[in-house]
Structures are given as structure tokens and as C-alpha cells.
Amino acid sequence: QVQLAESGGGLVQPGGSLRLSCAPSESIFSFNYMAWYRQAPGKERELVARNFSGGTTNYADSVKERFTISRDIAKNTVFLQMNSLEIEDTAVYYCNAQRGAMGVWGRGTQVSVSS
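Residue numbering for the sequence shown follows the working numbering, beginning at 30 and increasing consecutively.
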């Protein structure tokens, strides 16, 4: 069973930065894409950023120009670099890996943006 190990959440002030990491228990090349989602209290889970195996990436409009999804092949890890964080970015962030019709989710990591 594939597992995703997430890390990097925390508390940061508005304008600050955080980097989230997601390391799957199998090669990242074995997935069609890897992505980050987030869920704020009282809201539905939403796509933040997605990185396809061929290199294509896409982002939610709300995080474009601020967040960057990338992969480190040597570390078999996908990162989400989050800059210029806003209070509205506060949420639990989940890593997702998709292989065909099979999707795997991490347990989530809390990101809190507060002054």
C-alpha cells in the first residue's frame, strides 16, 4: 500500500514562507501526477497545485505567483514552496498521488498564517 509522508507545516506570519514536503513510499515516476490540496475549516477540499509526470504544472488562481510545486528526483519528494502567505492560506494541506483511477492521500499538515 502506497504511503505519503508529509512534513513542513507550521505557524507563520502574513508575508512569510513555508515549504511542504511529500515523500511517497514508491517512485514518484510511478504516478500520473502528484498534487497538493487544502481544506480550511468549514470549506471543501480544493486543489492548490498539481505536478504531472511529464513536467506540466497547474495552480489554483488564488496561489499563482506565490506557490511553486516541484519535484526532487534524487530525494523522491515533491515540494510546495509557499511564499507571501496570507491569512486565507490557513488550512490543512494534503498531499495526493494519482495512478490511473487510484488516488492516495497523506494525513495532512496544518498551515496557519496569523499575526
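We put the beta carbon where it would ideally sit given N, CA and C, even for glycine. Note that the structure is predicted; figures quoted are calculated from it, not measured.
N80, enclosing beta strand (DSSP E) - first and last residue: Note, N80: beta strand (DSSP E), 75-81.
Where the beta strand (DSSP E) containing L47 begins and where it ends: Unbroken beta strand (DSSP E) run through L47: 47-53.
Outcome for T138 when other beta-carbon atoms lying within 10 angstroms are tallied against a minimum of 16: A residue is called buried when at least 16 other Cβ atoms come within 10 angstroms of its Cβ; T138 meets this threshold and is buried.
Extent of the continuous beta strand (DSSP E) to which S36 belongs: S36 -> beta strand (DSSP E) spans 33-36.
Boundaries (first-last residue) of the beta strand (DSSP E) holding Q127: For Q127, the enclosing beta strand (DSSP E) stretches over residues 120-128.
Host beta strand (DSSP E) of N87 (start-end): 86-88 is the span of the beta strand (DSSP E), which, as asked, contains N87.
Where F96 falls: helix, strand or coil (DSSP): The three-state reading of DSSP puts F96 in strand, counting E and B together.
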